[in-house]
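Under the working numbering, the first residue of the sequence shown is numbered 9, with each subsequent residue one higher. Only one structure is covered here, and it is reproduced in the block below.
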Amino acid sequence: LISTRMRVNARLSTPRMRNLWRATSRFITGVEGVMRSFGGQGQGTRGYVLRRTLLDQARVFLEQRHSDNTQNLIATLDCERWAQCDALPERQHMVDRLSSGRAFLPDRRGPAAPVTAV
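Encoded structure:
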């Protein structure tokens with residue numbers, strides 16, 4: 009049942025998802041206890057299937073939450089007014105290296121002067 013509602017549950021609020029997680033975890037623990045009481049050797053794997061389904065549900069929930077937060081951040085940044093400003097050449101060089109993906113590679117300009125906080 010929980011796997012069929014995966015996309016719907018991905019839109020739950022955080023407190024409701026937490027309640028779903030706790031209730032399902034209690035159910036799984038109870039089912040595993042019943043399985044242990046019967047002493048079935050192969051029966052214990054069903055608890056793993058339920059746990060995997062619960063973890064998949066949490067993964068989809070977090071992916072949806074991340075996507076929503078990213079879209080909200082993009083919309084907020086798009087609404088802000090941005091103005092160009094002058095930057096010191098050293099700082100501009102650092103920003104250029106960061107934006108090009110070379111920030112963690114050795115700088116070919118030679119030893120960099122220490123940057124002091126402003």
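Glycine residues also receive a C-beta, built at the ideal position from the N, C-alpha and C atoms.
Residue closest to residue i, alpha-carbon to alpha-carbon, out of the options
{"i": "residue 56", "options": "78, 35 and 69", "result": "35"}
{"i": "residue 22", "options": "60, 76 and 39", "result": "76"}
{"i": "residue 15", "options": "70, 86, 91 and 60", "result": "70"}
{"i": "residue 29", "options": "45, 44 and 65", "result": "65"}
{"i": "residue 152", "options": "87, 88, 104 and 67", "result": "Within the shown structure, residues of the chain are numbered from 9 to 126, placing residue 152 beyond reach of any answer."}
{"i": "residue 25", "options": "91, 68 and 97", "result": "68"}
{"i": "residue 98", "options": "106, 60 and 92", "result": "106"}
Cβ separation of residue i and residue j, assumed to be a contact under 8 Å, to the nearest whole Å
{"i": "residue 72", "j": "residue 18", "result": "4 Å"}
{"i": "residue 39", "j": "residue 20", "result": "That belief does not hold up - the Cβ atoms of residue 39 and residue 20 are roughly 23 Å apart, past 8 Å."}
{"i": "residue 32", "j": "residue 62", "result": "5 Å"}
Residues near residue i by beta carbon distance below 8 Å, same chain, minus five either side
{"i": "residue 110", "result": "none"}
{"i": "residue 11", "result": "61, 64 and 65"}
Three-state class that DSSP yields for residue i in the structure shown
{"i": "residue 29", "result": "helix"}
{"i": "residue 126", "result": "With a pLDDT of 45 at residue 126, under the threshold of 50, the modelled position of this residue cannot be trusted; read the value that follows with caution. Correct three-state label for residue 126: coil."}
{"i": "residue 66", "result": "helix"}
{"i": "residue 109", "result": "coil"}
{"i": "residue 58", "result": "helix"}
{"i": "residue 88", "result": "coil"}
Sequence-distant residues of the same chain with beta carbon closer than 6 Å to residue i, five excluded per side
{"i": "residue 27", "result": "none"}
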